[in-house]
Ligand code: KIV
Ligand code: ZN
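In our numbering, the protein residues as written are 151 to 540.
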């Protein structure tokens, strides 16, 4: 569902398969994209940006297949401000029960210089391309790329043009992670207050994490009136990444007292999808990453362990179960058995058959004899060696 009359509801737009996959080296296979899209749909993500259909035959096919298989989520594809891009995007997303076309153009002075368009020429292009997209699809999102470095007057002008041409969602990207929370809130608030027609569309925020402020900027935008947040699992994305979905969803859940907005995401599915995305993208999650890092619910020092044993709330503001973790933290060592090894591998996203388990178990025991503790990374390495020798 994308349209809502509930003013406290924030739509979650996941772009792991588009902006996330644009990270150098994060390319996923067709099957992996379908699997991740299925998990996103199942966990209650409102909109899935499935890819950039004109970019390649592979991207087109993945978006089309995801669109055909979608059950609850809106399926969106990205298109530049060209009729050919928009047509190709529509060809792919039209199979979805709820399709969306997302078209964009860079509006800041630096980005305007690339296609070498004058401000007026770009305004005309925006009018024509959004109109074209809206003639194909009822659900059209438009983004002025690098919005946060675009002159205010021009930004307000082109947002108004896009709304008049039929855009239903206006996304405001902080493309290079330049903005600060107070600016992020003010920009959305001012656009809603001053652009004619703003009350008829949903404003969205799309933040990058170059200065580590993506989550704070996204939440500030919601305080300013945005009702869609664009994000990725594990914060996957170009350079320092995008806003992390798990941080947004859990921040809104844990601090609902001060940020009274809700999402439709089932938070207990977070850990599983985080691990699957880390595995298929080949981008491991840093140990101390908020919510999904290996140490996010781990306690080592005596004082902390003592506090945890008496009352978990002493050092934990969320319950591990709320993000899909079991309370028990299996430490793998030379005394561990096969069942524990299988369980651990499943947690890491690997399904192993009996013969494969037998083989891994022998190599695991050899390693455990040499090391005090066998870490998740050791098991992943063991699995990779096993895969390579197959
Ligand atoms: O960061 C960005 O500006 C984008 C747009 C295409 C929305 O990813
Ligand atoms: Zn982006």
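Beta carbons are placed, not taken as given, at the ideal position from N, Cα and C, and that holds for glycine.
Just so it is clear, the structure is predicted and the values come from calculations on it, not from any experiment.
For residue 277, there is no enclosing beta strand (DSSP E); the enclosing alpha helix (DSSP H) has its first and last residue at 269-286. Within a 10 Å sphere around the beta-carbon of residue 500 sit 16 or more other beta-carbons, which makes this residue buried. Two segments are said to touch when three or more pairs of C-beta atoms, one from each, lie closer than 8 Å; by this definition the segment 382-397 does not touch the segment 340-354.
Exclusion of the five residues before and after residue 445 leaves 437 and 438 as the residues of its chain whose Cβ lies within less than 7 Å of its Cβ. If the five residues before and after residue 288 are omitted, its C-beta is found closer than 8 Å to the C-beta atoms of 318, all from its own chain and listed in chain order. Distance from the CA atom of residue 491 to the CA atom of residue 519, rounded to whole angstroms, is 15 Å.
Secondary structure of residue 245 (DSSP, three-state): coil. In the structure shown, residue 295 adopts extended strand secondary structure according to DSSP, grouped into three states. One alpha carbon belongs to residue 419, the other to residue 309, and they sit about 36 Å apart. Within the DSSP bridge table, the entry for residue 159 names 412 as partners.
Residue 508 sits away from residue 484, with the two beta carbons spaced by 8 Å or more. DSSP places residue 178 in the coil class of the three-state scheme, outside both helix and strand. Within the chosen limit of 7 Å, ligand 1 reaches the beta carbon of residue 228 through at least one heavy atom. The segment 364-409 contains, as complete alpha helix (DSSP H) runs of 4+ residues, the segments 364-373 and 395-404 (chain order).
The bridge partners DSSP lists for residue 511 come to none. Distance from the C-beta of residue 203 to the nearest heavy atom of ligand 1 is not below 7 Å. Contact check between the segment 278-294 and the segment 239-252: three or more CB pairs, one atom from each, fall below 8 Å, which counts as touching.
With a threshold of 16 other beta carbon atoms within 10 Å, residue 256 meets it and is buried. Fewer than three pairs of CB atoms, one per stretch, sit closer than 8 Å, so the segment 180-190 makes no contact with the segment 398-406. With 16 or more other Cβ atoms from the protein chains shown falling within 10 Å of its own Cβ, residue 292 counts as buried. By the Cβ test, the segment 159-178 is in contact with the segment 193-203, since at least three Cβ pairs between them sit closer than 8 Å. Beta-bridge partners of residue 227 (DSSP): 201 and 251. Taking each of 396, 335 and 339 in turn and checking the Cα distance to residue 368, the smallest one comes out for 335. In this structure, residue 323 has its CB closer than 7 Å to one or more heavy atoms of ligand 1. Here residue 470 is not bridged, per DSSP, to any residue. Ligand 1 approaches residue 293 closely enough that one of its heavy atoms is under 7 Å from the residue's Cβ. Taking C-beta atoms as the reference points, residue 215 and residue 426 fail to come closer than 8 Å.
Between residue 365 and residue 398, the CB-CB gap stays under 8 Å. For residue 324, the enclosing beta strand (DSSP E) stretches over residues 319-324. For residue 254, the Cβ falls inside the 7 Å cut-off from some heavy atom of ligand 1. The C-alpha of residue 332 lies about 36 Å from the C-alpha of residue 204. Annotation: residue 372 to residue 409 spans about 9 Å, alpha carbon to alpha carbon.
In the three-state reduction of the DSSP assignment, residue 437 falls in the coil class, being assigned neither a helical nor a strand state.
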